[in-house]
Amino acid sequence: MAERAFVLVPLAEVAPDLVIPGTGRSVRDGVRLGRAKKVRRWNPVL
């Protein structure tokens, strides 16, 4: 989970201060240090 930007980016929207088990870092830190730049929001037309 800590290495997957597609998991961390949406999780950071709802729980940015959640600490990722085994890393000691928050979700916000994981996004900042990871590959979040490659994740794009998908807004399908309904």
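Sequential numbering of the sequence shown, starting at 2, is according to my numbering.
We put the CB at the ideal spot given by N, CA and C, even for glycine.
Where residue i falls: helix, strand or coil (DSSP)
i          : result
residue 8  : helix
residue 41 : coil
residue 33 : helix
residue 15 : helix
Bridge partner(s) assigned by DSSP for residue i
i          : result
residue 20 : 27
Same chain, Cβ closer than 6 Å to residue i, neighbours up to 5 away in sequence not counted
i         : result
residue 6 : 35, 36, 37 and 40
Own chain, CB closer than 8 Å to residue i, minus 5 neighbours either side, in chain order
i          : result
residue 24 : 3 and 31
Supposed close pair residue i, residue j - CB separation, criterion 8 Å
i          : j          : result
residue 26 : residue 13 : About 12 Å separates the two Cβ atoms, so there is no contact after all.
Own chain, CB closer than 7 Å to residue i, minus 5 neighbours either side, in chain order
i         : result
residue 8 : 2
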